[in-house]
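Structure record follows, encoded as structure tokens.
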Amino acid sequence: MRKSALIGIFLFFSSAHAYVDMEPKNITLSRDSSQVVLTNKGERTEYIEISLSRLMNPGVDYEHEKRVPIQDIDSPSILVSPFKMMLKPGQSKPLQIKKLTALMHEEVYRLSVRPQLSVIQKELTQPRGGVALNISYEAIIRVLPATERKTFLVICTPGQEVIRATGNQHYHFTNVELRRQQLEPFNVYPETPWRFSGGPLMIDGKSYC
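Residue numbers are given in this note's numbering: position 180 of the sequence shown equals residue 177, and the series is strictly consecutive.
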């Protein structure tokens, strides 16, 4: 996954600014439950909307992600609560994440935390001058299976090479050279093979293509 957190900035005419932080921004859910903490680091009360979507093609760039909202999934594997929250300046509150069912394969979700724009616009009906910034975050939740298998396969064919995660969860690559250039660490998910062309390819010092 190329981006684990997205900052959205909304501009309004006002003299205040808003900053709602979320920690952690990468969550691995291997137990039955976990939580993230939201903190209002801004100067006014924030009314927060929280949404959850499953990524059907994890590992691609953010703009190419295929997301399914949690309300459109018949039997979701996790639940987040609450979906709405009020935070006063300086206040922190936990957001609960609960696993609903045991998984055979890893699933990946994107958690979005955003200010309610309609409430903000209502508060800004009186002109006060200046600019208000609303900053929101998105986080990644990886829900792991009870028994983890991490394996991969490299397929070399004329014109294209493919790395596939053949276990039941993503494979994290930390030492990959392509065309004699060291790559940044990256993940490959079973649903999303990593395709490239023009080797040579080396993984952990071993030549593949």
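For glycine and all other residues, C-beta sits at the position ideal for the given N, C-alpha and C. Here the structure is a predicted model, which means the values were calculated and not measured.
For the ligand NAP, I want to know if residue i counts as a neighbour, meaning its beta carbon is within less than 7 Å of at least one of the ligand's heavy atoms.
i, result
"Glu188", "This structure does not include the ligand NAP; it has no bound ligands of any sort."
Is it buried or exposed, residue i, if we count other Cβ atoms within 10 angstroms and call 16 or more buried?
i, result
"Ile152", "exposed"
"Asn23", "exposed"
"Arg51", "buried"
"Glu20", "exposed"
"Leu150", "exposed"
"Ala143", "exposed"
"Ile6", "Residue placement at Ile6 is poorly supported in this model, since its pLDDT is 41, which falls under 50; the coordinates are not used for a value here."
"Pro55", "buried"
"Glu158", "buried"
"Pro187", "buried"
"Ile137", "buried"
Quick check on this structure: which residue in the options has the alpha carbon closest to the alpha carbon of residue i?
i, options, result
"Val185", "Pro197, Phe193 and Phe170", "Phe170"
"Glu103", "Gly87, Lys203, Val140 and Ile75", "Val140"
"Tyr106", "Pro66, Pro112 and Pro197", "Pro66"
"Val110", "Lys90, Tyr134 and Leu97", "Tyr134"
"Ser72", "Ile137, Thr98, Pro79 and Gly156", "Thr98"
"Asp29", "Val173, Glu181 and Val77", "Val77"
"Arg146", "Pro182, Met101, Ile160 and Ile138", "Met101"
"Phe80", "Gln113, Arg192, Glu181 and Ile137", "Gln113"
"Thr148", "Lys203, Trp191 and Tyr168", "Tyr168"
"Thr154", "Glu62, Met53 and Leu198", "Leu198"
"Leu35", "Tyr205, Asp69, Gln88 and Arg64", "Gln88"
"Arg161", "Gln179, Pro182 and Arg192", "Arg192"
Between the beta-carbon of residue i and the beta-carbon of residue j, is there less than 8 Å?
i, j, result
"Gln93", "Gln32", "yes"
"Leu49", "Leu108", "yes"
"Thr163", "Val57", "no"
"Ile75", "Lys95", "yes"
"Tyr16", "Lys38", "yes"
Could you round the C-beta distance between residue i and residue j to whole angstroms and report it? I think they count as a contact, below 8 Å.
i, j, result
"Gly195", "Arg177", "About 11 Å separates the two Cβ atoms, so there is no contact after all."
Segment contact flag, the segment 72 to 89 with the segment 43 to 58, C-beta cutoff 8 Å, min 3 pairs: Output reads yes: the segment 43 to 58 touches the segment 72 to 89.
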